[in-house]
Amino acid sequence: MLLFFSKSTTKQTQEMILDALRRSGKKGFVFDLGEETVLSIEGVSIAMDDLMARLPEKPVRVIETAKKYQAVCREALPTGTHVSVGSETIGSGNVTLIAGPCALEDRKQAEAVATVLAEEGIRFFRAGVFKPRTSPYSFQGLGEEGLELLKEIKKAFGLFLVSEALDEHCLEKMLPVVDIVQIGSRNMQNFSLLKELGRCGLPVLLKRGMAATLDEFLMAAEYIVTGGNSRVILCERGIRTFGDHSRNTLDLSAVPYLKRETHLPVVVDPSHATGCAFMVRPLARAAVAAGADGIMVEVHPDPTVALSDGPQSIDLAEFRLLVHELKAVSSAVGSFLSQYFSSLS
Ligand code: PEP
Ligand code: MN
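Take the sequence shown: its position 186, counted from the start at 1, is 550 in the numbering used here, and no numbers get skipped.
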């Protein structure tokens with residue numbers, strides 16, 4: 365059950381409900397959604413009618429949904445969540461491109477990619493500084509030193525930063541620097557981290573676990589939203605199947621399914637979904653045609669020497685081609701690729 369209150373409603377009203385819930389062993393969460401404050405309750409065995417009659421301020425609306433993921437279900441916000449980052453908005457009918465290297469390696473690499481993004485009018489620069497690597501022998505990212513470099517790139521090129529937090533410790537360090545916190549596939553069900561993200565104050569790009577159902581994916585998002593942060597962007601990044609021709613299998617059906625089930629924006633990452641650079645552009649085009657709100661791709665000035673995920677990284681020339689193609693596909697499906705006019709172009 366979702367109770368919607370106007371933002372001017374006092375905390376006292378919500379506390380009365382939360383108290384009654386606690387006394388009957390139930391949980392409730394208070395969070396903002398769009399222009400309203402919402403109180404979500406799972407099930408309703410307490411005497412709601414009596415409680416409602418005693419409330420000093422009444423909810424403006426009550427929604428009963430059978431969905432387990434009440435806070436993120438489409439009915440909770442039929443107009444959709446629009447995540448704004450500076451002058452940009454993700455999820456308002458436009459297509460947002462997020463691009464950059466898997467891992468930040470050095471200034472030269474970062475500047476080469478950032479220059480092309482800025483020239484193409486692409487605003488979101490992705491680059492990992494804390495990397496989740498399968499092997500402990502692999503490059504683990506530049507860490508805190510990388511955050512300093514990211515800060516400089518952001519300032520010099522006017523880009524918004526997307527970077528992964530591996531745990532609560534990195535999250536704290538990243539908050540003053542990044543614009544969107546990325547949560548990787550391996551951490552989709554790191555519940556203590558999800559709770560912390562509810563309080564972090566920044567938008568979160570939540571990647572689907574490589575073996576997660578869409579129900580589990582949405583329940584992970586529910587943790588963040590009920591924790592107090594409704595600025596969540598979902599990212600389909602491929603799942604494990606029997607197919608061995610690609611690193612993972614891109615589940616494009618997730619796009620229409622999630623767009624119907626949830627009000628959160630949906631982004632597709634064809635780089636991790638395939639592990640093969642030659643599949644990235646075709647699947648990025650397909651994802652936009654399927655209705656994705658955004659695409660995240662890995663780009664490297666020389667993928668052959670990349671310290672992480674080289675085989676799935678496209679080079680700068682191919683990235684320019686991708687921008688051109690996504691512009692065409694988005695306009696063919698009645699949308700537009702978000703691009704800004706850059707003084708560099
Ligand atoms: C990444 O984006 O570099 C990454 C590690 O992604 P995933 O968590 O989807 O594997
Ligand atoms: Mn990667």
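Where is the CB? At the ideal position from N, CA and C, for every residue including glycine. Just so you know, these numbers come straight off a predicted model, no measurement behind them.
Report the partner residues of residue i according to the DSSP bridge assignment.
i, result
"Q546", "E528, L569"
"V447", "I454"
"T613", "I603"
"A430", "A430 pairs with nothing; no bridge assigned."
"A467", "G492"
"E483", "In DSSP, E483 forms no bridge with anything."
"I381", "I381 pairs with nothing; no bridge assigned."
"L598", "L570, V630"
"V477", "Partner(s): none; V477 has no beta bridge."
Find the nearest neighbour of residue i within the set the options, judged by alpha-carbon distance.
i, options, result
"E475", "P442, Q504, A435, L523", "L523"
"D543", "L441, A575, Q376, R487", "R487"
"L578", "A430, C564, R601, L558", "R601"
"R784", "R497, G464, V568", "Nothing can be reported for residue 784, as the shown portion of the chain is limited to 365 through 709."
"E516", "I547, L468, V545, V436", "L468"
"A648", "A670, S694, P629, L671", "S694"
"K422", "S370, K390, P496", "S370"
"R624", "A654, I547, T613", "A654"
"Q378", "E399, G389, G407, R418", "R418"
"D470", "D396, E439, N612, E508", "E508"
"E406", "Y621, V632, G389", "G389"
"R611", "T638, L530, V632, T429", "T638"
"A478", "V661, L530, K518, S527", "K518"
"L525", "D615, A650, P634, L461", "L461"
"F569", "A529, R604, T605, F555", "This sequence places Leu at residue 569; Phe is not what is there. For the residues A529, R604, T605, F555, the minimum Cα distance to L569 belongs to A529."
So the beta strand (DSSP E) residue i belongs to, where does it begin and stop?
i, result
"R497", "Here R497 belongs to no beta strand (DSSP E), and DSSP marks it neither H nor E."
"R425", "425-427"
"E400", "400-405"
"M574", "Note, M574: premise wrong, no beta strand (DSSP E); not H, not E."
"S370", "366-370"
"L397", "392-397"
"F700", "Here F700 belongs to no beta strand (DSSP E), and DSSP marks it neither H nor E."
"I517", "From DSSP, I517 is part of no beta strand (DSSP E) but of the alpha helix (DSSP H) over 508-521."
"V631", "630-632"
"G658", "658-662"
Use the C-beta contact count for residue i: other C-beta atoms within 10 angstroms, 16 or more gives buried, fewer gives exposed.
i, result
"L506", "buried"
"K571", "buried"
"M416", "exposed"
"T373", "buried"
"K432", "exposed"
"H688", "exposed"
"H636", "buried"
"D413", "exposed"
"T401", "buried"
"Q546", "buried"
"R595", "buried"
"Y587", "buried"
"H609", "exposed"
"G607", "exposed"
"T445", "buried"
"S502", "exposed"
Excluding the 5 residues flanking residue i on each side, which residues of the same chain have their C-beta closer than 8 Å to its C-beta?
i, result
"R563", "G591, G592, N593"
"Q473", "P465, H664, P665"
"V669", "none"
"Q553", "G573, A576, E580, A584"
"V459", "V652, A656, D657, G658, I659, L690, S694, S699, F700, L701, S702"
"S709", "Note on S709: pLDDT 47, under 50, position unreliable in the model; no value is reported."
"F705", "G485"
"D633", "K571, C599, E600, R601, G602, I659, M660, V661"
"Q504", "F494, K495, R497"
"S556", "E532"
Given residue i, which residues of its chain have a CB within under 6 Å of its CB, disregarding the five upstream and five downstream residues?
i, result
"C534", "F494"
"R425", "F368"
"E452", "R487"
Where do the ends of the alpha helix (DSSP H) carrying residue i lie?
i, result
"T460", "No alpha helix (DSSP H) holds T460; the beta strand (DSSP E) holding it covers 460-464."
"E555", "Per the sequence shown, the amino acid found at residue 555 is Phe instead of Glu. Unbroken alpha helix (DSSP H) run through F555: 555-562."
"V619", "618-625"
"M552", "Per DSSP, M552 belongs to no alpha helix (DSSP H) and is neither H nor E."
"V644", "641-653"
"L415", "412-418"
With a CB to CB cut of under 7 Å and the five nearest residues on each side skipped, what residues in its chain are close to residue i?
i, result
"S549", "K571, R572, G573, M574, R601"
"S404", "L366, G392, F393, Q434, A435, T590"
"A641", "P667, P675, Q676, S677, I678"
"L511", "V493, K537, M538, V541"
Hey, is residue i close to the ligand GDP, as in C-beta under 7 Å from one of its heavy atoms?
i, result
"E399", "You won't find the ligand GDP in this model; what it holds is the ligand PEP and the ligand MN."
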